[in-house]
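Notes for the one structure printed next.
In the UniProt record's numbering, the protein residues as written are 1 to 261.
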C-alpha cells in the first residue's frame, strides 16, 4: 500500500484514510494544518491513487494492512485515525480487528445500513460506468462531493484509471458493509459525524455506529451533504483538534452542529 508521511516522526501519529474513488489528496487541507504538530500518515488504499500493484481492495484486508502500518509507525505514541466514507468503513474494521491500537477515531459518513435494492443499484452502475470517462459528468460528480479547482482534474484522471471490475467490486464492498461484532470492544474514543443533507440511510448508519460502542459521540454538521473534510476544512480541522486535545466538541456561532451522546 502506497503512503506518504509528513511532520515530526516523534510526535503523535495521525492517520488519514480517504474515501472511495478519491485518494490521499483529499486530505491536503488537513495535512497543511496538522503536519506542524503531528506525525501525519496518508495511505492510498488498493486500487486507488498510486496503490495500483494488482492487489484487489477489500475492507477487511485494507484494515489489516493499515493496522500493521500503525503498529510499525505508532510504537509508544498516541494514535489518531480519521476515515471518510469508504475509509470510515475501513476504520470501523480496524477498530474491530485491533480494539486497543488506536486512541482516537473520527468516523465520517460511514455507511453501515443495508442499501435497499442493492443488486438493482449495482446493475445500474454497471451500465452507467462509461459516464465516468466523460469530463462533464465527472465535474458534476466532483462538485457533489465538494471537490473543486485543480482537484477536479485529479479526480477525473483517477476515475479514468479505475476499471469497471474494480469499480463494481469496491461499490459492493461499500454497500454490503456491516459493523463487525468486535467493534463493541474497541477502547478508542470515537467521534462519528454525518452531514445534515446526507441521505437518511447515512444518518441512520451514524446512529447504529453510536449504539454499537459506548465510547461514541455523534455530530451532525449543518448545511452539508457527503463531504465534511472537503466542504468545510477549517471547521473540520478545528473540530478534530479540539476533540482530541480537550475532549470537547465545539459548537460555533453559526450553529453548525447537532451533538448527539
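Glycine is no exception: its CB is placed at the ideal position from the N, C-alpha and C atoms.
Nothing here was measured: the structure is a model prediction, and the numbers come from that model.
Query: Among 187, 250, 202, whose alpha-carbon lies nearest the alpha-carbon of residue 88?; Result: 202
Query: Here's the rule I'm using: 16 or more other beta-carbon atoms within 10 Å means buried, otherwise exposed. How should residue 221 be labelled?; Result: buried
Query: Would you mind sorting residue 206 into buried or exposed? The rule is 16 or more other CB atoms within 10 Å of its CB.; Result: buried
Query: Residue 81 bridges to which residues according to DSSP?; Result: 15, 105
Query: For residue 30, count neighbouring C-beta atoms within 10 Å of its own C-beta (all shown protein chains included) and say buried if the count is 16 or more, exposed if not.; Result: buried
Query: Using only the alpha-carbon positions, how far apart do residue 215 and residue 19 sit?; Result: 24 Å
Query: Under a three-way DSSP split, which group does residue 8 fall into?; Result: coil
Query: Please say whether residue 39 and residue 12 have beta carbons closer to each other than 8 Å?; Result: yes
Query: In chain order, which continuous runs of the alpha helix (DSSP H) of length 4 or greater are located wholly inside the region 125-210?; Result: 135-144, 151-161, 164-176
Query: Ignore the nearest five residues each way along the sequence and tell me which others in residue 7's own chain have a CB closer than 6 Å to its CB.; Result: 35, 38, 39, 40
Query: For residue 43, name the three-state secondary structure that DSSP assigns.; Result: strand
Query: Just the C-alpha distance for residue 48 and residue 26, rounded to the nearest angstrom, thanks.; Result: 12 Å
Query: Name the two residues that bound the continuous beta strand (DSSP E) containing residue 20.; Result: Segment: none, residue 20 is in no beta strand (DSSP E) and carries neither H nor E.
Query: Within 10 Å of its beta-carbon, does residue 248 have 16 or more other beta-carbons around it, so buried, or fewer, so exposed?; Result: exposed
Query: Below 7 Å CB to CB, which residues in the same chain sit around residue 184 once its five sequence neighbours on both sides are set aside?; Result: 212, 213
Query: Quick one: what does DSSP say residue 219 is sitting in, helix, strand or coil?; Result: strand
Query: Can you check DSSP and say which residues form a bridge with residue 2?; Result: 44
Query: So the alpha helix (DSSP H) residue 96 belongs to, where does it begin and stop?; Result: 86-97
Query: How would you write the range of the alpha helix (DSSP H) that residue 316 sits in, first residue to last?; Result: Given that the chain is displayed from residue 1 to residue 261, the structure contains no residue 316 and the question cannot be resolved.
Query: Please classify residue 111: does DSSP put it in a helix, a strand, or coil?; Result: coil
Query: Compare the Cα-Cα distances from residue 168 to each of 58, 16, 3 and report the closest residue.; Result: 58
Query: Inspect the beta-carbon positions of residue 22 and residue 81 and report whether they are closer than 8 Å.; Result: no
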